[in-house]
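What follows is one structure encoded as structure tokens, with my remarks underneath.
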Amino acid sequence: MRYLLETFCTVLDEPRPKICIADNGQKPLAHVVEAFRDRLTIHYSVFPEPSLSPVRNQVMKSAINLNTKYIACIDDDEWPSPQWLPKLLRAARDTNAEFVSGPVLADRKNGLPKWLEKGGLLDTDAGDFGGW
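Mapping the sequence shown onto the UniProt record's numbering, position 91 (from 1) lands on 91, and the numbers just tick up by one.
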């Protein structure tokens with residue numbers, strides 16, 4: 001989470017985006033989030049359900065309640081390039097698309113499911129990761 005929030009601090013211009021975090025991890029991240037409140041507008045909640053879909057739904061509800069125009073989703077075990085969010089915003093604005101997506105790197109230090117490693121879906125190098 002720290003890397004993710006640091007990345008957003010380095011590339012975001014005013015107005016600051018609203019960042020909604022639904023923390024469903026075994027180790028709460030409130031202390032990490034607090035360290036960034038002076039640089040990012042963060043709406044943090046603890047969400048006890050461990051699976052991804054309910055957490056994403058919670059983030060969507062929070063974002064809609066904040067009257068946001070765009071919603072970007074990323075997990076704390078994914079690493080975006082520094083230009084990931086600005087490029088997503090530019091693509092959405094330039095094309096009037098309802099959905100845009102961009103590459104991220106998976107944080108492999110905690111291990112990945114065997115099926116994901118075998119499938120090669122995450123095989124990329126740093127050149128592929130930031131060059132879109």
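Each residue gets a CB set at the ideal place from its N, CA and C atoms; glycine is no exception. A quick note: this is a predicted structure, and the numbers were derived from the prediction, not measured.
* Which of helix, strand or coil does DSSP assign to residue 78? -> Reduced to three states, the DSSP call for residue 78 is strand.
* Helix, strand or coil for residue 45 per DSSP? -> Here residue 45 carries a strand assignment [DSSP, helix/strand/coil].
* Asked: From residue 10 to residue 59, what does the alpha carbon distance come to, in whole angstroms?
  -> Taking C-alpha positions only, residue 10 is separated from residue 59 by approximately 23 angstroms.
* Using the C-alpha atoms, what's the distance from residue 20 back to residue 39? -> Their backbone Cα atoms lie some 14 angstroms apart in a straight line.
* **Where residue 4 sits in the DSSP three-state scheme** => Residue 4: helix per DSSP, three-state reduction.
* Would you call the region 85-92 and the region 35-54 in contact, with 3 or more CB pairs under 8 angstroms? -> Short answer: they don't touch.
* Asked: Alpha carbon to alpha carbon, what distance is there between residue 78 and residue 106?
  -> Rounded to the nearest angstrom, the gap between the Cα atoms of residue 106 and residue 78 is 5 angstroms.
* How close, in whole Å, do the beta carbons of residue 36 and residue 5 come, if the pair is a contact with beta carbons under 8 angstroms? -> Yes, residue 36 and residue 5 are in contact; Cβ-Cβ is about 5 angstroms, under 8 angstroms.
* To do: Going by CA-CA distance only, name the one from 8, 25, 66 and 104 that's closest to residue 50.
  => The residue with the shortest Cα to Cα distance from residue 50 is 25.
* To the nearest angstrom, how far is it from the Cα of residue 61 to the Cα of residue 68? -> The alpha-carbon atoms of residue 61 and residue 68 are separated by roughly 10 angstroms.
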